[in-house]
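Report on the following structure.
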Amino acid sequence: MEYKNVLTTCVYCGCGCGIYFEVLDGEIVGVLPDKEHPISRGSLCIKGWNADSFVNHPDRLKTPLIREGDGFREATWDEALSLVADRLGEIRDESGPGSFGFLASAKCTNEENYLLQKFARAVIKTNNVDHCARL
Amino acid sequence: MAGQNTLTEELRAHVAEKLQAADSSQLDGVVALRRTSEGTAPHLFREGDDLAQLALNPRYPLASVLSLLQKRYPDAHFGIVARGCDARALVEMAKRDQVDADRLYLLGVACTAEEAEECYCADPAPDPEPWPQAEVLGTPVEGAPPNPIVAEYEEMSLEERRAFWRQQFLKCIKCYGCRDICPECFCESCALEDPLWVERGILAPPFPMFHLIRAMHMSARCVACRQCELVCPAHIPLTVLYDLIRRDVGEMLEYMPGADIDVEPPLSLTLEEAPVKASLE
Numbered sequence: 719m720e721y722k723n724v725l726t727t728c729v730y731c732g733c734g735c736g737i738y739f740e741v742l743d744g745e746i747v748g749v750l751p752d753k754e755h756p757i758s759r760g761s762l763c764i765k766g767w768n769a770d771s772f773v774n775h776p777d778r779l780k781t782p783l784i785r786e787g788d789g790f791r792e793a794t795w796d797e798a799l800s801l802v803a804d805r806l807g808e809i810r811d812e813s814g815p816g817s818f819g820f821l822a823s824a825k826c827t828n829e830e831n832y833l834l835q836k837f838a839r840a841v842i843k844t845n846n847v848d849h850c851a852r853l
Numbered sequence: 057m058a059g060q061n062t063l064t065e066e067l068r069a070h071v072a073e074k075l076q077a078a079d080s081s082q083l084d085g086v087v088a089l090r091r092t093s094e095g096t097a098p099h100l101f102r103e104g105d106d107l108a109q110l111a112l113n114p115r116y117p118l119a120s121v122l123s124l125l126q127k128r129y130p131d132a133h134f135g136i137v138a139r140g141c142d143a144r145a146l147v148e149m150a151k152r153d154q155v156d157a158d159r160l161y162l163l164g165v166a167c168t169a170e171e172a173e174e175c176y177c178a179d180p181a182p183d184p185e186p187w188p189q190a191e192v193l194g195t196p197v198e199g200a201p202p203n204p205i206v207a208e209y210e211e212m213s214l215e216e217r218r219a220f221w222r223q224q225f226l227k228c229i230k231c232y233g234c235r236d237i238c239p240e241c242f243c244e245s246c247a248l249e250d251p252l253w254v255e256r257g258i259l260a261p262p263f264p265m266f267h268l269i270r271a272m273h274m275s276a277r278c279v280a281c282r283q284c285e286l287v288c289p290a291h292i293p294l295t296v297l298y299d300l301i302r303r304d305v306g307e308m309l310e311y312m313p314g315a316d317i318d319v320e321p322p323l324s325l326t327l328e329e330a331p332v333k334a335s336l337e
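Read top to bottom, the protein sequences are chains A and B. Quick note: the first sequence uses our numbering, first residue 719, plus one each step. Quick note: the second sequence uses our numbering, first residue 57, plus one each step.
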């Protein structure tokens, strides 16, 4: 018998509204706004109020997938990240940094978006960085 | 603030006592606010929990949490820390089988005059009378004056009133927060999600149906806890509308939501049973 609220940040957009997930016996049962949050101050949009809906959704990807032929197969994070790193390196060596474009996302935190542009500029060495809010 | 701190200390002692009681009065848990370094939110305090974390602000609809817990644990006996609005919400929920009055212990807390004023609350002290087991801490204060917008509104012509609400409802982003936070909104299917009444993907919702559907559904139900207004991202003065409807329901049907647990809600009765005043028949 346990009911608690776990503080988190809404992932639906870059505003980063403060939300609580209501957790009853280890299962998320609802969302409450964080009334003390300096940005959202207890208000949410319809997405924030439903920010728990994808957590246990059957369509949610829970493991990396690697494309093989016409389909995908499940993979470990180590295998998936190694593959991505290898291929990015190969493409940069073959075609140069200008062959890359990096698309950041409003659904990510500022910190994650900062990391993405840093990776683009410092590692891949391209300025081709854009974000989904301009699509 | 000193008075409030003493009250919180007193409340913590009472909660500790009810959680640790060695006899049948022992509670399985107490619903209250918990403040940690992360923030403050509703929580189920159980025996052994750190009661120094029990807090009184900001207000959340604790009655909804109690309802959830009672449904999940049909044999458990829970306490709830309740302000006047929480207690009124529990009364209306009990009438509609959302909480079981016999399985709750009401730890009432009287709001201060400043808190009552901030909420325009007419009834800032919880009433222990409806509950088999209840106590009220703090010093009850008089009700505060209503929201001044109500008086301004009543000076308006019909045309001005329509313009006022049109202007307000135009700000709505259809977050459904007013419904989601409301302790009296517990229907399994909601008219506001029925495409027959509310077309999807249209902002602001067509005037005035969306808000008037909700307002009518809140009549003889709204206990003026003002949670809807507090969470509204568009700052629509929803409780002005609900206050006016509550007054009409009081005058026409002699019903005051949250006041008397033994009086059936008039809109749940047949017309023959409803206590409509003779002058209106």
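By construction, the Cβ of each residue, glycine as well, lies at the ideal position given by its N, Cα and C atoms. The model shown is predicted, which means the values in this text are computed figures rather than measured ones.
Alpha carbon to alpha carbon, how far is A:T727 from B:R128? Give it in angstroms, no decimals. 27 Å
Could you give the uninterrupted runs of the beta strand (DSSP E) lying entirely in the stretch 155 to 207 of chain B, keeping only those of 3 residues or more? 160 to 165 and 190 to 193
In whole angstroms, give me the CA-to-CA distance for A:Y730 and A:D848. Across the structure, A:Y730 and A:D848 are spaced so that their CA atoms are roughly 18 Å apart.
Amino acids of chain A, ordered along the chain, whose beta-carbon sits closer than 8 Å to that of B:H99: Y721, K722 and N723
Quick one, which residues of the stretch 760 to 790 of chain A are near chain B if we go by CB-CB under 8 Å, in chain order? G760, S761, L762, C763, I764, G766 and W767
Just checking: is the beta-carbon of B:K230 within a distance shorter than 8 Å of some beta-carbon in chain A? yes
Measure the Cβ-Cβ separation of B:V137 and B:L163 and say whether it is below 8 Å. yes
Considering A:G745, what are the terminal residues of the beta strand (DSSP E) in which it resides? What sits at residue 745 of chain A in the sequence shown is Glu, not Gly. Where A:E745 is concerned, the enclosing beta strand (DSSP E) stretches over E745 to P751.
Kindly confirm or deny that the stretch 84 to 94 of chain B and the stretch 67 to 76 of chain B touch, where touching means at least three C-beta pairs closer than 8 Å. Short answer: they touch.
Name the DSSP beta bridge partners of B:V137, please? B:L163
Report all residues from its chain with a CB closer than 7 Å to the CB of A:T844; omit the five preceding and five following residues, and keep chain order. Excluding residues within five positions, the ones whose Cβ falls inside 7 Å are P815, G816, F818 and A838.
Using only the alpha-carbon positions, how far apart do B:Q109 and B:D142 sit? 20 Å
Inter-residue Cα distance where the pair is B:P202 and B:L160: Going from the Cα of B:P202 to the Cα of B:L160 covers about 31 Å.
In terms of residues, what are the limits of the alpha helix (DSSP H) holding A:K765? I764 to W767
Between A:H775 and the rest of its own chain, which residues show a CB-CB distance below 8 Å, the 5 nearest in sequence each way excluded? none
What residue range is occupied by the uninterrupted beta strand (DSSP E) comprising A:D848? Looking at the DSSP string, the run of the beta strand (DSSP E) that includes A:D848 is V847 to H849.
Distance check for B:N61 and B:S80, CA to CA, integer angstroms please. 30 Å
With H, G and I counted as helix, E and B as strand and the rest as coil, what does DSSP make of B:S335? Its pLDDT being 47, under 50, B:S335 is placed unreliably in this model, and the value from its coordinates should be taken loosely. If DSSP states are grouped into helix, strand and coil, B:S335 belongs with the helices.
Supposed contact pair A:E754 and B:G95 - C-beta distance, whole angstroms, cut 8 Å: 5 Å
Members of the stretch 75 to 100 of chain B near chain A, C-beta cut-off 7 Å: Only D84, G85, E94, G95, T96, A97, P98, H99 and L100 from the stretch 75 to 100 of chain B bring a Cβ to less than 7 Å from some Cβ of chain A.
A:I809 and A:A798 - do their beta-carbons sit closer together than 8 Å? no
Taking any Cβ of chain B, which residues in the stretch 720 to 753 of chain A have a Cβ under 9 Å from it, in chain order? E720, Y721, K722, N723, V724, L725, G736, Y738, E740, L742, D743, V747, G748, V749, L750, P751, D752 and K753
In whole angstroms, give me the CA-to-CA distance for B:P251 and B:G257. 10 Å
Which chain A residues sit within Cβ distance under 9 Å of B:Y129? M719
If we call anything under 8 Å between Cβ atoms a contact, is B:S123 one with B:V71? no
Give a yes or no on contact between the stretch 282 to 300 of chain B and the stretch 752 to 771 of chain A, applying the rule of three or more CB pairs nearer than 8 Å. yes
Return the residues of the stretch 276 to 308 of chain B that lie within a Cβ-Cβ distance of less than 8 Å from chain A, sorted by chain order. L286, V287, C288 and P289
Three-state class that DSSP yields for A:F772 in the structure shown: coil
Smallest Cα separation from B:H291: which of B:F263, B:C241 and B:C228? Looking at the Cα atoms, B:C228 is the closest of the given residues.
Kindly confirm or deny that the stretch 304 to 319 of chain B and the stretch 259 to 269 of chain B touch, where touching means at least three C-beta pairs closer than 8 Å. no
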